[in-house]
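Beneath this line is the structure, given in structure tokens, with notes to follow.
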Amino acid sequence: MARRHVKAADIPGLLEEDVVSDFELSDSEDISSDSSGSEISTSTASPPPKRRCSSPVRISESSDSDLGGTVESIHWEEVAEESNIQAQLPFCYRETQGPKHIPSPPMTPIQYFYLFFTTSLLNSIVTQTNNYARTFLQSQKNISPHSRILKWTDVTVTELKGFIACLLNMGIKRQPTISSYWSVSPSLNNPWFRSMFSRNRFQLILKFFHLVDNKNLAGPGQPGYDPCAKFQPLIDHANALFRHHYVPHQQLSVDESLVGTKIHTQLMQYLPNKHHHRWGIKLWMLCDSVSKYCVAFFVYRGAKDVENISERKRFGLAYTVVMKLLNMGNCLRKGHHIFMDIFFTSIPLAKELYKLQTFVTGTVRRNRKYLPAAFGNKFQIGQKRYFRSGPILTVAYREKKSQRSPVLLLSTHGQASETEYTRVRRGNRETLKKPQIIHSYNQFMGGIDTSDMMVYSYLDERRTVKYWKKVCFSVFSRMLLNSYILYKENMTAGSKPMSRLDFNIKIIESLGEEWLQERGTVPTAGPSDAGENKDKYLRKLPPRKLKDCCVCNKRKLGKGERRRSRTICAKCEKGLHGECFPEHKCAGGT
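Count the sequence shown with UniProt numbering and you get residues 1 to 590, in order.
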């Protein structure tokens, strides 16, 4: 069924009609394998049933727009079994995939971490964080004398590393609130976090964390306002290093990812086919289907985005997204094989990429232009039909009775042949056959979904009122995942890599140790080993000897009041109560 073009004047009338918006088509029609990585199901390839709109229709850019005027009528020829088609292809993949521009192994996990968390990035964050803190303090006129903000001191690069270590560790040891990490309750006790920062200091750094200077940014409603401006430098930094340090495999996948949030912003998108989050900020992503390495990504800014607007109007959103990702990842004219879902695939896009020496395989909608007319006929269970037009092969296949319509796929790399696979059902193992194109699609399409699951495993997705901070911390986790993939790919033959959890822990401990050495403190004791650490790090004074506590004596006290202690720090020999030990910054070193 052809898509109806909607004019602005017709929108009120649509509230009383049965329509399906472009936005719904782009998400709800995705087949099951697009979101879960499982085998494709033909029941979702047919157009969804119409439903009555209960809210104003959201008109978005259509993914159904083909490259108007660039494709003439296509002659399709039905084919039977084909063989040895790959040997006749005019180009092929000749790149040497794997890590590049990195030292030879062995390398420690922290060295892989610093490939993406470079000195320039950390220095920039420190500079902008301190600038924002000073600007904020100068702009506040009525600050309570007891406010923790008044205790702000400039953050250093090493302290920022400790802060990042805490963020990463929060993704492993999850607690309901940030304050829970500093709780002294036996069931919530976390000595490591108390040794790294006081709770107030950590929350101050989190509050003032910044990447850019706010003075150079236009506010909402002002000309030139960009909702991505506060995190765009980090995305540009990540993309540049992602392609600098890795050559992807031939098989790549293009899909959407989501940074889950419900904060009100014009970047908000609703993706009902995503199971982990349905509301959030959408990222278009290019991923290695074999290693799950993220090659390139960018934020979808919505239909009002003025970037590449002429290209989108001419070719459609799907074409623009695919071309931008492949250019960002430097993946054109190299023989890569791109796997994409029903949102992107079209005959004109496949032809255009083939001219650029890039293969395509993807599911396709029944109402796309230029498809064989025979695909509109009824199919029997188990029936499949192949049609070829030059380099493009299309297949329609109905696997089971529950699928009312056949699944449609398009490929410029496949051939009309079948592949055997084994299925276990009710304890019985059986060998079945399916079209080779479908087998390849099921094997390589789920790269981005798998990458997302790996990121979510150790990502602290705490609610925040600053959506851009959530994007930043999500990008941090993506950079950490890519560093682990580089570590695995760079292993010498026969070596067994450590698990991703152990890899992350090594990085967290290395960052934390560097910060603790500069701070000059030792890990805080928990309730169970307080007595042992008291003997080790605190020393008693002789009888009748007292010293002012270097921590609590600095607090505001009454006139003539002093707080003295019978114990001193064993390193700097300053007076120190045992309960004040977590807040003590030792000047004696380690």
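Here a beta-carbon is modelled for each residue, glycine too, at the ideal position from N, C-alpha and C.
Treat the numbers as computed from the prediction; the structure is a model and nothing was measured.
Distance, residue j Cα to residue i Cα
{"i": "Cys166", "j": "Ser495", "result": "30 Å"}
{"i": "Met107", "j": "Met285", "result": "28 Å"}
{"i": "Pro191", "j": "Leu410", "result": "56 Å"}
{"i": "Phe197", "j": "Asn130", "result": "18 Å"}
{"i": "Gly316", "j": "Arg301", "result": "15 Å"}
{"i": "Lys351", "j": "Pro105", "result": "42 Å"}
{"i": "Pro543", "j": "Gly578", "result": "17 Å"}
{"i": "Leu217", "j": "Ala133", "result": "17 Å"}
{"i": "Leu576", "j": "Ser195", "result": "16 Å"}
{"i": "Leu480", "j": "Gly446", "result": "20 Å"}
{"i": "Leu267", "j": "Ile281", "result": "6 Å"}
{"i": "His584", "j": "Asn327", "result": "52 Å"}
{"i": "Ile342", "j": "Arg365", "result": "6 Å"}
{"i": "Gly390", "j": "Asn377", "result": "23 Å"}
{"i": "Ser565", "j": "His277", "result": "53 Å"}
{"i": "Ser402", "j": "Thr363", "result": "19 Å"}
{"i": "Val184", "j": "Ser289", "result": "45 Å"}
{"i": "Leu511", "j": "Phe163", "result": "9 Å"}
{"i": "Pro348", "j": "Thr261", "result": "35 Å"}
{"i": "Glu509", "j": "Gln138", "result": "36 Å"}
{"i": "Ser310", "j": "Glu256", "result": "22 Å"}
{"i": "Tyr386", "j": "Gln436", "result": "11 Å"}
{"i": "Thr361", "j": "Arg174", "result": "40 Å"}
{"i": "Ala318", "j": "Ser346", "result": "9 Å"}
Cβ separation of residue i and residue j, assumed to be a contact under 8 Å, to the nearest whole Å
{"i": "Ser483", "j": "Tyr93", "result": "The pair is not a contact, with the Cβ atoms about 25 Å apart (cut-off 8 Å)."}
{"i": "His210", "j": "Gln128", "result": "4 Å"}
{"i": "Cys331", "j": "Ile448", "result": "At roughly 15 Å, the Cβ-Cβ gap does not stay under 8 Å, so Cys331 and Ile448 are not in contact."}
{"i": "Tyr467", "j": "Ile338", "result": "Wrong, their Cβ atoms sit about 30 Å apart, outside the cutoff."}
{"i": "Asn504", "j": "Tyr458", "result": "6 Å"}
{"i": "Lys571", "j": "Cys550", "result": "12 Å between Cβ atoms; not a contact."}
{"i": "Leu234", "j": "Cys472", "result": "6 Å"}
{"i": "Gln415", "j": "Ile85", "result": "4 Å"}
Member of the options whose CA lies at the smallest distance from the CA of residue i
{"i": "Tyr370", "options": "Arg388, Leu325 and Gly446", "result": "Arg388"}
{"i": "Asn490", "options": "Glu81, Ser83, Ser73 and Gly98", "result": "Gly98"}
{"i": "Ser75", "options": "Thr394, Arg312, Arg562 and Ala318", "result": "The amino acid occupying residue 75 in the given sequence is His; Ser does not appear at that position. It is Thr394."}
{"i": "Arg519", "options": "Glu159, Glu81, Ile143 and Phe91", "result": "Glu159"}
{"i": "Phe344", "options": "Gly329, Lys324 and Lys355", "result": "Lys324"}
{"i": "Asn123", "options": "Asp255, Asp154, His245 and Thr567", "result": "Asp154"}
{"i": "Leu204", "options": "Ser289, Thr567, Leu150 and Asp255", "result": "Leu150"}
{"i": "Pro103", "options": "Asn239, Glu513, Pro497 and Tyr246", "result": "Tyr246"}
{"i": "Val407", "options": "Gly390, Phe379 and Glu420", "result": "Phe379"}
{"i": "Phe433", "options": "Tyr397, Glu77, Asp460 and Arg563", "result": "A small correction: the amino acid at residue 433 is Lys; Phe does not occupy that position in the sequence shown. If we check each option's Cα against that of Lys433, Tyr397 comes out closest."}
{"i": "Tyr441", "options": "Ser73, Phe581, Asn214 and Phe359", "result": "Phe359"}
{"i": "Arg333", "options": "Leu258, Arg562 and Phe91", "result": "Phe91"}
{"i": "Leu241", "options": "Glu430, Leu283, Gly335 and Leu486", "result": "Leu486"}
{"i": "Thr464", "options": "Phe116, Ser474 and Trp152", "result": "Ser474"}
{"i": "Ala303", "options": "Ile110, Phe297 and Arg312", "result": "Arg312"}
{"i": "Ser451", "options": "Asn239, Asn169 and Cys294", "result": "Cys294"}
Residue i in three-state terms, based on DSSP
{"i": "Gly578", "result": "helix"}
{"i": "Glu418", "result": "strand"}
{"i": "Pro191", "result": "helix"}
{"i": "Gln128", "result": "helix"}
{"i": "Ala229", "result": "coil"}
{"i": "Gly179", "result": "Rather than Gly, the amino acid found at residue 179 in this sequence is Ser. Helix."}
{"i": "Gly219", "result": "coil"}
{"i": "Tyr397", "result": "strand"}
{"i": "Asp548", "result": "strand"}
{"i": "Glu307", "result": "coil"}
{"i": "Gln383", "result": "coil"}
{"i": "Ala257", "result": "The sequence given here has Ser at residue 257, not Ala. It is a strand residue."}
{"i": "Arg566", "result": "coil"}
{"i": "His237", "result": "helix"}
{"i": "His584", "result": "coil"}
{"i": "Glu81", "result": "coil"}
{"i": "residue 595", "result": "This structure leaves residue 595 out entirely; the chain is present only between 1 and 590."}
{"i": "Lys262", "result": "coil"}
{"i": "Pro348", "result": "helix"}
{"i": "Val157", "result": "helix"}
{"i": "Arg199", "result": "helix"}
{"i": "Gly376", "result": "helix"}
{"i": "His337", "result": "strand"}
{"i": "Gly520", "result": "coil"}
{"i": "Thr96", "result": "coil"}
| request: Mind listing, in chain order, the continuous beta strand (DSSP E) runs of no fewer than 3 residues lying wholly within the stretch 471-502? | output: none
| request: Can you check the stretch 402-472 for any beta strand (DSSP E) of at least 3 residues that lies completely inside it and give the ranges in chain order? | output: Entirely contained in the stretch 402-472, the beta strand (DSSP E) runs reaching 3 residues are, in chain order, 407-411, 418-425 and 428-435.
| said: Restricting to runs no shorter than 3 residues, where is the beta strand (DSSP E) found entirely within the stretch 273-330? | reply: 279-288 and 294-299
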